[in-house]
Amino acid sequence: MAKFASAMLEANENDLVFENGRVFVKGAPASRKSFAEVAAFAYVPVPLPPGLEPGLSEEAFFEPTNNTYPFGCHISVVEVDRETGEPTLLKLVAVDDAGHLINPLIVEGQIHGGLAQGIGQAMIEEAVYNADGQLVTGSFMDYAMPRATDFPRFELDATVTPTPVNPLGAKGVGEAGTLGSTPSIVCAVVDALSEFGVKHIDMMLRPEKLWRIIHGGQA
Amino acid sequence: MIPTAFEYERASSIDDALAKLKAAGGEAKLLAGGHSLVPLMKLRLSEPKLLIDIARIPGLSGIREKDGKIEIGAGTTHAEVASSALLRDKCPVVADAAGEIGDPQVRNRGTLGGSLAHADPSADYPAVMLAVDAEIHVKGLKGWRAVKAADFFQDLFTVNLAPDEIIAGVQFAPVKAAAYAKLHQRASHFAIVGVAAALEVAQGTIRSARVGLTGASTHAMRLSSVEQALAGKPATAKTIEEAAREAGAGVEAVNADIHASEEYRRAMIPVFTRRALAAALARV
Numbered sequence: 011m012a013k014f015a016s017a018m019l020e021a022n023e024n025d026l027v028f029e030n031g032r033v034f035v036k037g038a039p040a041s042r043k044s045f046a047e048v049a050a051f052a053y054v055p056v057p058l059p060p061g062l063e064p065g066l067s068e069e070a071f072f073e074p075t076n077n078t079y080p081f082g083c084h085i086s087v088v089e090v091d092r093e094t095g096e097p098t099l100l101k102l103v104a105v106d107d108a109g110h111l112i113n114p115l116i117v118e119g120q121i122h123g124g125l126a127q128g129i130g131q132a133m134i135e136e137a138v139y140n141a142d143g144q145l146v147t148g149s150f151m152d153y154a155m156p157r158a159t160d161f162p163r164f165e166l167d168a169t170v171t172p173t174p175v176n177p178l179g180a181k182g183v184g185e186a187g188t189l190g191s192t193p194s195i196v197c198a199v200v201d202a203l204s205e206f207g208v209k210h211i212d213m214m215l216r217p218e219k220l221w222r223i224i225h226g227g228q229a
Numbered sequence: 094m095i096p097t098a099f100e101y102e103r104a105s106s107i108d109d110a111l112a113k114l115k116a117a118g119g120e121a122k123l124l125a126g127g128h129s130l131v132p133l134m135k136l137r138l139s140e141p142k143l144l145i146d147i148a149r150i151p152g153l154s155g156i157r158e159k160d161g162k163i164e165i166g167a168g169t170t171h172a173e174v175a176s177s178a179l180l181r182d183k184c185p186v187v188a189d190a191a192g193e194i195g196d197p198q199v200r201n202r203g204t205l206g207g208s209l210a211h212a213d214p215s216a217d218y219p220a221v222m223l224a225v226d227a228e229i230h231v232k233g234l235k236g237w238r239a240v241k242a243a244d245f246f247q248d249l250f251t252v253n254l255a256p257d258e259i260i261a262g263v264q265f266a267p268v269k270a271a272a273y274a275k276l277h278q279r280a281s282h283f284a285i286v287g288v289a290a291a292l293e294v295a296q297g298t299i300r301s302a303r304v305g306l307t308g309a310s311t312h313a314m315r316l317s318s319v320e321q322a323l324a325g326k327p328a329t330a331k332t333i334e335e336a337a338r339e340a341g342a343g344v345e346a347v348n349a350d351i352h353a354s355e356e357y358r359r360a361m362i363p364v365f366t367r368r369a370l371a372a373a374l375a376r377v
């Protein structure tokens, strides 16, 4: 900025004073330029001062003293149709701690998206390969992309535990939705089917798979 | 994912479309909503040289009541059927089934006639057309033909329709006591098993029943043994339970794919038969 200001004010960089959003030559505050004027000139510098390139940019790196550790708890209520094995997600409550929420709307959006991904993986998405290694769920006719209609209305809440490792006290939230939802749903179904002695079910929760657990004797 | 090159023409009437079909000498396909044909073309399983667009033929779409019967034009979209006040009032099973087809995008584009002509083994409409005993109205160069739904669906993607004929619409006597129950394939929302049931009940007795099955086999079919087991019996949950128990036992070729094994599909036929019948009975 000093380089462009010195060209505009036809003065030596060392004689410039930066004060209250303005820059002027020491002892001559009357002929001054605002930062905005200097910035505007920097982007369209006609003529281009010798030795300069257009634009004002600066890059700095911040190295926190540690990673941030967001955490949370997701609870799912899932109903399994005894006759068909179809699982239905009735309710999902996600409480996540991302520290200070700078923009809560965006945080909720991130969690909604993550939940869709996590629920999809547990319930309807599966990359199936045949014995020859051919992907047989290669189109959206066979691979179920989660849609809004596949979900109940999510219930979100947050605890706020600011991180000490950055000045904002904010922590990451991008993956929060995917982390808790998937095991929460599968565990809910395992719990629902516990009367059949099941302790583990591989994702995805295909209705036929659950039907076989329920109707093990006759299946 | 890219179809072979094709020509495109828009037909102004059914007769115009028939003339264009004849002129193309078997190299043309009719395009309506394109939701069955275009995916096949993208996979190059279908490579027509000419597409004849029938989507904008005046009068080919619409739902109306005439002489106590309901007519649905072949070009009517699933969304229009699903939201029809007339159908919701007089024959809700048809609107219900249309509302369960695919997703909103599919329902806004796909058409009744297209679904019937394509006859996907997992399509929803065929089961319902069987249950309401619809007549499918077909026009060819020699004139009109009416085909009963029971005679229309013949085999895998095979229907009683010549290559130079066009489905104009369907007609059926509305049945209030009818319902559709379906196990959804969660990606495409085709039916893994779908059952449409229609009951005629008088003085607490089931006079007759029609039950249409889709998704389970090569093509949609009537479950006549279930129909016979219901006829003349008291209209009760117990009757339905007993009639549905062996549903589908006589179906020879049952489909198996990554979404459902043959064993699972067979087990689901009685379940969804009972559910469709129970929902139909609730509408008596």
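Residue numbers (this note's numbering), protein chains in the order written: chain A, 11 to 229; chain B, 94 to 377.
Positions of the beta carbon are idealized from the N, C-alpha and C atoms, including for glycine.
Contacts that residue i makes with chain A (C-beta to C-beta distance below 8 Å)
| i | result |
| --- | --- |
| Ile351/B | Val138, Val146, Thr147 and Asp152 |
| Val364/B | Glu93 and Thr94 |
| Leu276/B | Thr94, Glu96 and Pro217 |
Residue i burial status per 10 Å Cβ neighbour count (16 or more: buried)
| i | result |
| --- | --- |
| Cys83/A | exposed |
| Met133/A | buried |
| Glu228/B | buried |
| Val237/A | Since the displayed chain A opens at 11 and closes at 229, residue 237/A lies outside it and no answer follows. |
| Arg157/B | exposed |
| Ala126/A | buried |
| Gln278/B | buried |
| Glu69/A | exposed |
| Leu370/B | buried |
| Met94/B | exposed |
| Thr366/B | buried |
| Ala375/B | exposed |
| Thr303/B | The displayed chain sequence assigns Arg, not Thr, to residue 303/B. Flag for Arg303/B reads buried. |
| Phe40/B | No answer is possible for residue 40/B: it lies beyond the span of chain B, which begins at 94 and ends at 377. |
| Val221/B | buried |
| Gly325/B | exposed |
| Phe150/A | exposed |
Beta-carbon contacts of residue i that lie in its chain and below 6 Å, excluding the five residues immediately before and after
| i | result |
| --- | --- |
| Val105/A | Gly82, Cys83 and Asp167 |
| Phe250/B | Ala212 |
| His171/B | Ala191, Ile194, Arg200 and Gly203 |
| Glu100/B | Leu143 |
Neighbouring residues, chain B, relative to residue i (Cβ below 8 Å)
| i | result |
| --- | --- |
| Arg92/A | Going along chain B, no residue has its Cβ under 8 Å from Arg92/A, so there is no contact; the nearest lies around 10 Å. |
| Arg157/A | Asp196 |
DSSP three-state assignment for residue i, whether helix, strand or coil
| i | result |
| --- | --- |
| Lys162/B | strand |
| Glu23/A | helix |
| Tyr218/B | helix |
| Pro267/B | coil |
| Lys232/B | strand |
| Tyr273/B | strand |
| Ala229/A | Because Ala229/A carries a pLDDT of 38, less than 50, the predicted location of this residue cannot be relied on, and no value is offered for it. |
| Phe14/A | helix |
| Ile224/A | helix |
| Gly128/A | helix |
| Glu356/B | helix |
| Asp167/A | strand |
| Gln247/B | strand |
Partner residues on chain B for residue i, Cβ-Cβ distance less than 7 Å
| i | result |
| --- | --- |
| Glu218/A | Ala353, Ser354 and Tyr357 |
| Ile134/A | Arg279 |
Contacts of residue i in chain A (Cβ-Cβ under 7 Å)
| i | result |
| --- | --- |
| Ala280/B | Phe150, Met151, Asp152, Tyr153 and Ala154 |
| Met361/B | Thr94 |
Same chain, Cβ closer than 7 Å to residue i, five either side skipped, listed in chain order
| i | result |
| --- | --- |
| Glu136/A | Thr147 and Met214 |
| Val48/A | Met11, Phe14, Ala15, Met18 and Val33 |
| Ile112/A | Leu178 and Ala180 |
| Arg163/A | none |
| Phe51/A | Phe14 and Met18 |
| Ala372/B | Ala272 and Ala274 |
| Leu133/B | Ser139 |
| Ser194/A | His84, Ile85 and Ser86 |
Distance between beta carbons of residue j and residue i, contact taken as under 8 Å
| i | j | result |
| --- | --- | --- |
| Gly187/A | His122/A | 7 Å |
| Thr204/B | Gly126/B | 4 Å |
| Lys232/B | Ala261/B | 5 Å |
| Val364/B | Ala336/B | The Cβ separation is near 13 Å, so there is no contact. |
| Glu165/A | Val103/A | 5 Å |
| Ser105/B | Ile145/B | Between Ile145/B and Ser105/B the Cβ distance is about 11 Å, and since that is not below 8 Å, they are no contact. |
| Gly130/A | Pro156/A | 4 Å |
| Thr171/A | Gly109/A | 6 Å |
| Leu306/B | Ala313/B | 6 Å |
Contacts that residue i makes with chain A (C-beta to C-beta distance below 9 Å)
| i | result |
| --- | --- |
| Asp189/B | Chain A residues near Asp189/B: none, gap ~16 Å exceeds 9 Å. |
Close beta carbons around residue i, own chain, < 8 Å, minus the five adjacent residues each side
| i | result |
| --- | --- |
| Leu35/A | Before going on, a small fix: residue 35/A reads as Val here, not Leu. These residues qualify, in order along the chain: Leu19, Ala21, Asp25, Leu26, Val27 and Ser41. |
Below-9 Å beta-carbon distance, residue i vs any chain C residue
| i | result |
| --- | --- |
| Val117/A | Considering every chain present, this structure includes no chain C. Its protein chains are A and B. |
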